[in-house]
Structure formats: structure tokens, C-alpha cells
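Enquirer:
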Amino acid sequence: MGFYESTRATHRHRRGPIAAVRSAYFRSLDAVVVPGEAATDALVSMGVSRSRIVEGFNAVDVEFFHSQTNQERRLRGGSASNTVDFDFIYVGQFIERKNLESLLDALREVPEARLLLVGSGAHRTVLEERVLAWGLEHRVFFHPPVENRELPRLFARSRTLVLPSTEEVWGLVVNEGLAAGLSAIVSSAAGVAPSVVGMRGVLVADPHSAGLARAMRESLAASEAPIKSPEILRHTPVAFARQFARALELVQ
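Mind the numbering: the sequence shown is residues 7 to 258 in the working numbering, read in order.
1. Are the Cβ atoms of residue 32 and residue 54 separated by less than 8 Å?
2. Using only the alpha-carbon positions, how far apart do residue 82 and residue 89 sit?
3. What would DSSP say about residue 183, mapped onto helix, strand or coil?
4. Would residue 24 be called buried (16 or more neighbouring beta carbons within 10 Å of its own) or exposed?
5. At what residues does the beta strand (DSSP E) containing residue 166 begin and finish?
6. Can you confirm whether residue 41, when its beta carbon is compared against all beta carbons of chain D, has any partner nearer than 8 Å?
7. Counting pairs of Cβ atoms below 8 Å between the segment 165-176 and the segment 233-246, do you hit three or more?
8. Rounded to the nearest angstrom, what separates residue 28 and residue 138 at their Cα positions?
9. Can you look up residue 119 in the DSSP assignment and give me helix, strand or coil?
10. Answer with buried or exposed for residue 145, where buried requires no fewer than 16 other C-beta atoms within 10 angstroms of its C-beta.
11. So the alpha helix (DSSP H) residue 95 belongs to, where does it begin and stop?
12. Taking the beta carbon of residue 216 as the centre, do at least 16 other beta carbons fall within 10 Å, making it buried, or is it exposed?
13. Would you check if the segment 183-198 and the segment 149-169 touch, i.e. whether three or more CB-CB distances between them fall below 8 Å?
14. Closer than 7 Å by C-beta to residue 140: which residues in its own chain qualify, once you throw out the five before and the five after it? Chain order, please.
15. Pick from 200, 154, 242: whose alpha carbon is nearest that of residue 3?
16. Return the residue from the list 12, 36, 21 that minimises the CA-CA distance to residue 256.
17. Please report the residue range of the beta strand (DSSP E) in which residue 147 lies.
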């Protein structure tokens with residue numbers, strides 16, 4: 007039995023001896039657990055039989071983010087969208103593959119929208135320069151990294167999570183944001199995208215500025231905020247663990 011979480015887009019070796027050995031190894035297993043549809047697609051492309059793939063759903067403590075964010079909203083005096091401080095929130099590293107320059111460029115096409123960038127990284131200075139050069143200093147706000155337990159406080163102040171990455175094996179912050187009742191704009195390059203595309207409030211966008219801007223405008227026009235009883239709540243760590251138990255049954 008094995009576990010595989012990469013996607014075709016994130017494969018480091020797509021041909022040659024390493025790719026051949028990897029494919030042969032996973033084809034030799036009786037069962038492989040994967041965290042979502044994108045990883046299933048990657049294994050099938052290696053020649054692994056679908057009958058040997060046990061697909062789960064990459065999980066976080068969704069109940070924590072759901073309950074704690076709702077509590078923070080109550081402390082703020084309500085749950086309506088007009089109580090938010092930020093139209094969009096990004097949480098993660100400030101590095102090239104996170105594609106934050108394209109996100110800032112997209113924001114230029116969405117007048118008056120406010121963006122909170124939570125994190126740190128090598129691109130911080132570049133991003134600050136872009137904000138000033140594009141006249142976004144009154145609409146873009148930087149916040150240092152926070153522990154997961156502190157995220158509900160920021161989620162309660164926000165409407166839509168954005169993950170604009172050009173490469174992302176999954177993107178657990180999407181699980182966290184959806185559990186908190188936020189809408190989500192998810193890059194089509196993220197492994198999580200095909201697994202959440204049908205959920206309320208989710209928009210999958212091409213990770214370039216025009217695609218992100220279209221999704222941002224559409225998200226702002228949507229009426230439901232925060233989302234009540236989000237579908238992500240059924241994808242718990244316990245539910246994911248059950249898929250490993252299923253896989254063990256295949257190898258016995």
C-alpha cells in the first residue's frame with residue numbers, strides 16, 4: 007500500500023529513468039491512497055489501475071475553522087458581508103510560484119476592492135514596490151504570518167479567499183477558508199481545484215491577471231456571504247482516515 011499526493015502539473019520528473027521507476031513502483035502496489043482528483047489523474051497517467059486507487063479528500067480540522075470563525079463574527083457584531091474589512095484575503099508564502107504579482111495586477115481591475123496579504127517571504131519587497139507603483143497602497147494591506155489558531159480572527163474580517171498559485175500540490179488553506187464560510191477563488195493550477203469546483207462560493211480561475219480579475223468581480227457580485235453549512239465540512243480528518251482503512255482491506 008502507498009500514498010501519493012502529487013499532480014501531473016507538479017511532477018518534477020515527467021520522463022527519463024526517475025519517472026520510469028516511479029511509475030513502475032506505484033503500478034506494483036495493491037492499493038494507493040490519494041487526497042483528491044488531481045492525484046488520481048496523475049496516477050492513472052502512470053498506468054496505475056483505477057481499481058487500485060482509493061481516493062480521499064485532503065483534510066484539515068474543518069470544525070475548528072467553522073466554529074471559531076463564526077465565534078469571531080459574533081464578537082464583531084454579526085455575520086453579514088457588510089461587516090467585513092477585506093473583500094479578499096491571501097494566506098501563505100510571498101514567493102514566486104504563489105503568483106501574487108498577478109493578483110495585485112488583477113486587483114487594479116476591481117475598483118475599491120480591498121486585499122489582505124497574510125504571510126512573509128522573499129517577494130515581500132517586490133510586492134510592496136508593486137503596490138506603490140500601481141497606487142494600491144490604500145487597498146492592499148500586509149499582515150505578518152500567524153499560527154493556524156489565529157486565522158479565524160482574520161477570516162472573520164474577510165469575504166473571499168484567493169489562492170492564485172501557478173503551481174500547488176493541493177492548497178490546504180482553501181479547506182480552511184471554505185470551512186470558515188468564505189468564498190474561494192482557486193487557481194486552476196492548484197491540486198485542490200478539481201475537488202472543490204462544485205462547492206458553493208468556489209470559482210476556479212486561470213492564474214493570470216485577467217482570469218483572476220474576472221473571478222474577483224464575480225465573487226464580489228455573489229450574494230451569499232458568509233456561506234452557511236459549507237460542503238467542505240463533511241471532509242474531516244476522520245473521513246480521510248477511513249480511506250486508508252479501505253486501502254488496507256484491498257491488500258489483505
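From the three backbone atoms N, C-alpha and C, an ideal C-beta is built for every residue, glycine too.
Quick caveat, the model's predicted, so the values are computed rather than measured.
Expert: Taking the geometry as given:
1. For this step, residue 32 is matched to residue 26 along the sequence shown. For this step, residue 54 is matched to residue 48 along the sequence shown. In contact: residue 32 and residue 54 (Cβ atoms closer than 8 Å).
2. Within the sequence shown, numbered from 1, the residue matching residue 82 stands at position 76. Within the sequence shown, numbered from 1, the residue matching residue 89 stands at position 83. Whole-angstrom Cα-Cα distance: 8 Å.
3. Residue 183 sits at position 177 when you count from the first residue of the sequence shown. Helix at residue 183.
4. The count along the sequence shown starts at 1 and reaches residue 24 at position 18. Flag for residue 24 reads exposed.
5. To locate residue 166, count along the sequence shown from 1; it is residue 160. Note, residue 166: beta strand (DSSP E), 164-169.
6. Among the chains of the structure shown, chain D does not appear; only one protein chain is present.
7. no
8. In the sequence shown, residue 28 corresponds to position 22, counting from 1. In the sequence shown, residue 138 corresponds to position 132, counting from 1. Each residue's Cα considered, the two are about 46 Å apart.
9. Within the sequence shown, the letter at position 113 stands for residue 119. Residue state, collapsed to three classes: coil.
10. Locating residue 145 in the sequence shown gives position 139, where the first residue counts as 1. Residue 145 comes out buried.
11. Within the sequence shown, residue 95 is the residue found at index 89, counting from 1. No alpha helix (DSSP H) contains residue 95, which is instead part of the beta strand (DSSP E) from 92-97.
12. Position 210 of the sequence shown, counting from 1, holds the residue named residue 216. With fewer than 16 Cβ atoms within 10 Å of its Cβ, residue 216 is classed as exposed.
13. yes
14. Taking the sequence shown and counting its residues from 1, the one referred to as residue 140 is at position 134. Excluding positions up to five away in sequence, the list reads 110, 114.
15. Past the boundaries of the shown model lies residue 3; the chain is included only from 7 to 258, so the question cannot be answered.
16. As a first step, residue 256 must be located in the sequence shown, where it is residue number 250. The candidate whose alpha carbon is nearest that of residue 256 is 36.
17. Taking the sequence shown and counting its residues from 1, one reaches residue 147 at position 141. From DSSP, the beta strand (DSSP E) with residue 147 extends over 146-149.
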